[in-house]
Structure formats: C-alpha cells, structure tokens
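Asker: Residue numbers (this note's numbering), protein chains in the order written: chain A, 263 to 595; chain B, 263 to 595.
Here you go:
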C-alpha cells in the first residue's frame, strides 16, 4: 500500500498501532484483576482473553498513543505521517481506515507471513473518568527498522516517538533509526515517556535519550518524577531543564509547564471542560496541539494552549481521537 | 459454544448480528453516494468498500436491530436470548462478547465452512442526528432454520423478529420457524417492520404476517403508512387495529401510540432528551422497554413509557446500545 509521498511533513509519529476496546468498569473489576488504575500494562493472549471476558460491552475506537497524536495534528490541519504495524485482519483494516481518513499519511508496513493479530488495548474507564489500560501488542511489537522509511523522517520537521515502543527490542531499534535519520537530516526529535511503569522499566535509557537525543520531551508529573526518581515536582523540573531543549510537562487539571533549556518556564492553564468523561488520550492530544503549534511557529505558549485545547476536547468523550475538527475549535477561540 | 439453557425467557429476539461502524457525515456525502437519509440500504462488498473509503474515522459498536432490543431488555433486568449468525472473525468475537456481557443468552450458531465475514453496518450520522445505514450482511444473511433451536422459542413468553431478516429467503424460513414454534407453544409473536423500504419490498407478506401471525407489531409512522399504502396516520392506525392484538406505533418526538385490537388507543409522550446526538437504535430500544414491561405485566401504558425511556437514553449518545443501566434509569423515575 503506497501512496504518493508529500514533500514535507510537520511531524512524523512513530508508535504502536492499536485498536482500543473501551468499556465502563468499576473499581472492583480493576482490583479483582490486579490492575493499577491510570496505568498501562502489557498482557499476553491468555490474560487478554480473561480480561475481555470479564469486561462489559465495549466500543472499538482506533488508538495508540503516537497514532492519537498524529490524528490530533491532522485535525488541526497539520501535515503528519504515522509509522506503526498492523496485521491484515479486520482490526488492522479499521486502524488503517481511521488514521487515513483522519488525514494522516500512513503506508501500512508489510505484515509478512506473521500470524500475529493487530494490537488491541482494553481500556477500562472508571466512574472517576480515569482510564486503566491492558494492551495486547500482537504484531505491533514487531515494528522493525525496515518498517521505517528513511524518506519519512527526512521530510518531517519533528519526528515524535512513544516510550511504549521501548518495551520491544526490535521496535527500539526502529525508533533509534527514526531518530537518527531525523537528526542526520537536521530535524528535531520528540519523545513521550508514555507511562510511569514504562519509565521504571527503561530509566537509564530514557535518561540517556533525554540528555543526548531528544529535543522535545513530553511527560506527565508522575512520569517525569519517575524519570528523575524524585517525589518533588520542582526537582524534576530543574533536572529536565538541563537535559532537553524543550520539556512539556502536564499536570492534569493543574495545566502544563513548558520548560526550556535556556531557562524559560511557561505555565499554561488546563482548558476548562464541562465534564470529564474519559481521560484516555489526554497526553497524546496535548502533544498533538503542542507539536502542531510548534511546527507552525506559533510560539511555545500558544503551542501549549493548543495542547490544552486538544486535551480538553478528548477527555470530554469516550475514545482517544478528536470527535470534532480541532482546527474549527481553535478558530472559535 | 453452548451454555446451560435457562428455564424460561421473557423474550427471544431473532435478527441480523451486526457490528456498526459509526461516523459523523455531512449531507453532501449522502448525496454523493445516492443514499436516502434515515433509511437502511443493503450493500454488496464493492459498494461497502467504496462507502467505507469515503467515510471519516469511525467507532465500532455492536448493533443489529433485534440484537439492540435484546441488549436493552437485559439492561432493564429482563431474561432474554438472541439468535443471529456471526463468523469466526474479529468482528464476530466483538459481537459475541458484547451481547453476552450485556447479559443476553447467545449461543453463536456454527458458521460452518463459510468464508463470509460478520455483518457490518456503516452508520452515517448527520448533524441533524439522523442516521443513514448501509449494511453489508455477510454471514448474517445465511441464518437458517437449523440455526433456530426450538427450545429457545418454546421457552420465551414473546418471540420478537426483525423485518430486516425478510430480505434473505433462508433467513425468512428461520423467522417462520421461530414464529411457528412460539405459536405452537402457546406464546406470543412480535415483529418490527424495520424500515419503510423493507416494507415496500415485502408488503404482501408483511400484511399477511400482521393479520395472521403477529400479536405485537412495532412500526414507526413511515413504516406503518407504507404497510397500508396511505399518507394518513389515522387511516394506518384504524387498519392496524383490525389486524394485530397490539401495535406499538412510534412517531419520534411526538411519542408513541399503543393500539389494541379491542379498541384501546394509548398515547405515550416521548421522553424528554437534553440533546439528540444519534437516533440509531431509537426504535429498537423502544421495543426493548415495551417488551420488558409487557412480559413483566406492567400494563400497556407503563410498558410504552419504559420504551420511551429507553429510546430517550439511546438517542443521547453515539451507538445503538444503552450506555447506562436501564433498570437504574427506570428506578430513578
């Protein structure tokens, strides 16, 4: 599946290609299955089946952290491409349809003769609107360097990768290739820490990335505190300022702070929301707004406000992709 | 896949087993593809692919008219079973999971060696909240009499079938078997006319059904007017009263009228709704509330009010299955 390659992109997003299965759940179900609320756990086929069997009726909606970010950037009107791996099954068709029709450039890599299925993530939304995720990666974890066309990273002002991919050795190499290609072409590299447990698993490498490879780092409070093994927000802020050109640190309803290597601290309030329904995708869409604003030279503060706007839209409904045009939403402000 | 069969059911629902693919669309897209707003069209694989390609990003949610009714009855706390045919593919697994976890008894019939896929319906929701549906039936249209276990129809106080199934000769035989079995066991038969175009295609047979087989008929205004080839509501009401023991006639925001063979005309107001988001499933959920109330001996008027309540819930969000417990909703009134 190849389409004509545009001359340039604002952003190339690299991440897991996942279809979310979203269901309301109560705290008892989480406890019964030993889940930690608000985090993402990788599950094998057996556990995936057990959890699915225990879940209520769901809706399926395309997801994947960096893929959500790509859909958000496209919704703002940005030029964006996505790299991730789906199988030739129905969920793979769903993922491919959804991201392309959102306006994202996506050439599904050849699944080869793998009998792995497309990744799915069981998202349990509790009455407090928190999401707890159980991901069965399937074919997504086999993303390899040969699935990363150099032409894409060479043409994108920013190449953005998700930390979640770091759990798979071959996918890690794929990220490295994307980052190295972007760097060699003189472009920027962005990265999200994804999840506090993910940071726990890869702290040394993530620190090395932050210091040497990443120009724009995205993290929420628990992730950045986990990275620097501190309980103190101020300590984490001070440390990251010495490591990255730009760090975008989100704090849920407290808004976000954009920290730069040259000493700026820009505080951006959260966008007011009538009712928080499902926090899935909040960080992904914050990154979308920021990266759209950043690559279109709107300045850091406006970029942060666009991030807050996009996050505010996505937490107002079930599912991690915008339901309305973010470009229209931005105009209406 | 067999589970222990309960001793009795309030309702057995027989219909197409469909996963809906729901997307927002504008009127231009409908016009471009020659769709008639508010109706259901059957599409072949090629046209299904073309429409899907033209649609925006979607969400997948289990659907199927009688299946939605079954999920609604279960949500009220009723004992309900469903018969419909899915393939062994991912969408078939989604459908099976969703209806079972909603509390509906469902033994998926053996798909045999068919290479047909699970049915999907592309639901385009326009800004006026109307839904326009394009259904690719796949394996669902192969529902046959041998997929209808007599034990189910013998144990259900009401056997409810959807008119949509009438489009397929073998499925028609399956309905006939379910209806005949129910009648022979001294139980009631209910039927929905489903869609005005569906009525057009099968008017003679539907009239014969209404007169001789159906005890409880469900129809909206355009369907009942189509059945009797009249433009006048009063004419249609007078005619159906002579044909069925009970007819439940819905009129969107004008509410519904329950018409009985012994001369009753019970008017039930529509349930007030904050904002109508997506009318998909309104008729299905009205039938759910009515059949739950009817089989639990709440009387016709209360049954109609439960129908209005369930319809009001489902049009307040995307998707044709209830998002909250209808039992709780009914209690809170």
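Note that the Cβ used here is the ideal one computed from N, Cα and C, for glycine as well.
Do residue 506 (chain A) and residue 477 (chain A) have their C-beta atoms within less than 8 Å of each other?
Answerer: Taking 8 Å as the Cβ cut-off, residue 506 (chain A) and residue 477 (chain A) qualify as a contacting pair.
Asker: Residues of chain B with CB under 7 Å from residue 353 (chain A), in chain order?
Answerer: Ordered by position in chain B, the residues that pass the 7 Å Cβ test against residue 353 (chain A) are 352.
Asker: Any C-beta of chain A sitting closer than 8 Å to the C-beta of residue 462 (chain B)?
Answerer: Chain A, which has no Cβ nearer than 8 Å to the Cβ of residue 462 (chain B), makes this no.
Asker: Give the DSSP-derived three-state secondary structure of residue 327 (chain A) in the structure shown.
Answerer: In this structure, residue 327 (chain A) counts as helix in the three-state DSSP scheme.
Asker: Answer yes or no: does any C-beta atom of chain B fall closer than 8 Å to that of residue 360 (chain A)?
Answerer: So yes, residue 360 (chain A) belongs to the interface.
Asker: Start and end of the beta strand (DSSP E) containing residue 424 (chain A)?
Answerer: 418–424 is the span of the beta strand (DSSP E), which, as asked, contains residue 424 (chain A).
Asker: With a CB to CB cut of under 8 Å and the five nearest residues on each side skipped, what residues in its chain are close to residue 373 (chain B)?
Answerer: Cβ within range, chain order: 347, 348, 349, 350, 354 and 401.
Asker: Measure the alpha-carbon distance for residue 583 (chain B) versus residue 314 (chain A) and round it to whole angstroms.
Answerer: Roughly 18 Å separates the two Cα atoms.
Asker: Roughly how many whole angstroms lie between the Cα atoms of residue 381 (chain B) and residue 327 (chain B)?
Answerer: Residue 381 (chain B) and residue 327 (chain B): Cα-Cα distance of roughly 12 Å.
Asker: If we call anything under 8 Å between Cβ atoms a contact, is residue 592 (chain B) one with residue 338 (chain B)?
Answerer: Yes; because the gap between Cβ atoms is below 8 Å, this pair is in contact.
Asker: So does the segment 305–319 of chain A actually touch the segment 548–565 of chain A, counting three or more Cβ pairs closer than 8 Å?
Answerer: The segment 305–319 of chain A, when compared against the segment 548–565 of chain A, does not touch it at the 8 Å Cβ threshold.
Asker: If I follow the unbroken alpha helix (DSSP H) through residue 468 (chain B), where does it start and stop?
Answerer: 465–474 is the span of the alpha helix (DSSP H), which, as asked, contains residue 468 (chain B).
Asker: What residues are listed by DSSP as bridge partners for residue 383 (chain B)?
Answerer: According to DSSP, residue 383 (chain B) bridges with B:282 and B:397.
Asker: To which residues of the same chain is residue 471 (chain A) closer than 7 Å at the C-beta, ignoring the five residues directly before and after it?
Answerer: Result list for residue 471 (chain A): 453, in chain order.
Asker: For a contact defined as C-beta to C-beta under 7 Å, what are the partners of residue 321 (chain B) on chain A?
Answerer: Simply 321, 322, 323 and 581.
Asker: Starting from residue 511 (chain A), follow the beta strand (DSSP E) in both directions and report where the run begins and ends.
Answerer: 508–512 is the span of the beta strand (DSSP E), which, as asked, contains residue 511 (chain A).
Asker: Taking Cβ-Cβ distances below 9 Å as the criterion, which residues of the segment 536–548 of chain B are in contact with chain A?
Answerer: Result list empty, no residue passes.
Asker: I need the straight-line Cα distance from residue 371 (chain A) to residue 461 (chain B), nearest angstrom please.
Answerer: Cα to Cα, residue 371 (chain A) sits roughly 46 Å from residue 461 (chain B).
Asker: Taking 8 Å as the CB-CB cut-off, is residue 318 (chain B) touching chain A?
Answerer: For residue 318 (chain B), the answer is yes, since a Cβ of chain A falls inside 8 Å of its Cβ.
Asker: In its own chain, which residues sit with a C-beta less than 6 Å from the C-beta of residue 296 (chain A), not counting the 5 before and 5 after it?
Answerer: No residues qualify anywhere along the chain.
Asker: Alpha carbon to alpha carbon, how far is residue 581 (chain A) from residue 520 (chain A)? Give it in angstroms, no decimals.
Answerer: In a straight line, the C-alpha of residue 520 (chain A) is about 26 Å away from that of residue 581 (chain A).
Asker: Just reading off the beta strand (DSSP E) that residue 302 (chain A) is part of, what are its end residues?
Answerer: Run containing residue 302 (chain A): 302–304, per the beta strand (DSSP E) assignment.
Asker: Since residue 314 (chain B) meets chain A, which of its residues come closer than 7 Å, beta carbon to beta carbon?
Answerer: The contacting residues are 359.
Asker: Please work out which residues of its chain come closer than 6 Å, Cβ to Cβ, to residue 282 (chain B), disregarding the five sequence neighbours upstream and downstream, and give them in chain order.
Answerer: These residues qualify, in order along the chain: 323, 325, 383 and 385.
Asker: With DSSP run on the structure shown, which of helix, strand or coil describes residue 601 (chain A)?
Answerer: As shown, chain A starts at 263 and ends at 595. That puts residue 601 (chain A) outside it, with no answer to give.
Asker: Check whether the segment 412–420 of chain A and the segment 386–405 of chain B are in contact - that is, three or more C-beta pairs closer than 8 Å.
Answerer: As far as the Cβ criterion goes, the segment 412–420 of chain A does not touch the segment 386–405 of chain B, which means the pair count is below three.
Asker: Is the CB-CB distance between residue 548 (chain B) and residue 518 (chain B) below 8 Å?
Answerer: Contact flag set, yes.
Asker: Looking at the C-beta of residue 363 (chain A), does it have a partner C-beta in chain B at a distance below 8 Å?
Answerer: Yes - at least one Cβ of chain B is within 8 Å of the one on residue 363 (chain A).
Asker: Quick check on the burial criterion: 16 or more other C-beta atoms within 10 angstroms. Buried or exposed for residue 451 (chain A)?
Answerer: Result: buried.
Asker: With a cut-off of 8 Å on the beta carbons, I'd call residue 411 (chain B) and residue 436 (chain B) a contact; round off their distance for me.
Answerer: Going by Cβ atoms, the distance from residue 411 (chain B) to residue 436 (chain B) rounds to 11 Å, so no, they are not a contact pair.
Asker: Does the separation of the CB atoms of residue 568 (chain B) and residue 555 (chain B) fall below 8 Å?
Answerer: Closer than 8 Å, so yes.
Asker: Return the chain-ordered list of same chain residues with a C-beta closer than 8 Å to the C-beta of residue 530 (chain B), the five sequence neighbours on each side being excluded.
Answerer: Excluding residues within five positions, the ones whose Cβ falls inside 8 Å are 517, 518, 519, 520, 563, 566, 567, 569 and 570.
Asker: Contact check, residue 426 (chain A) vs residue 457 (chain A) under 8 Å by CB: the rounded distance?
Answerer: Yes, they are in contact, since the Cβ atoms of residue 426 (chain A) and residue 457 (chain A) sit about 7 Å apart, within 8 Å.
Asker: Cα separation between residue 422 (chain B) and residue 494 (chain B)?
Answerer: So the two alpha carbons sit approximately 27 Å from each other.
Asker: State the start and end residues of the unbroken beta strand (DSSP E) segment that holds residue 522 (chain A).
Answerer: Residues 518–522.
Asker: Let me see if you follow: with CB-CB separation under 8 Å, is residue 356 (chain A) close to chain B or not?
Answerer: Yes, its Cβ sits closer than 8 Å to a Cβ of chain B.
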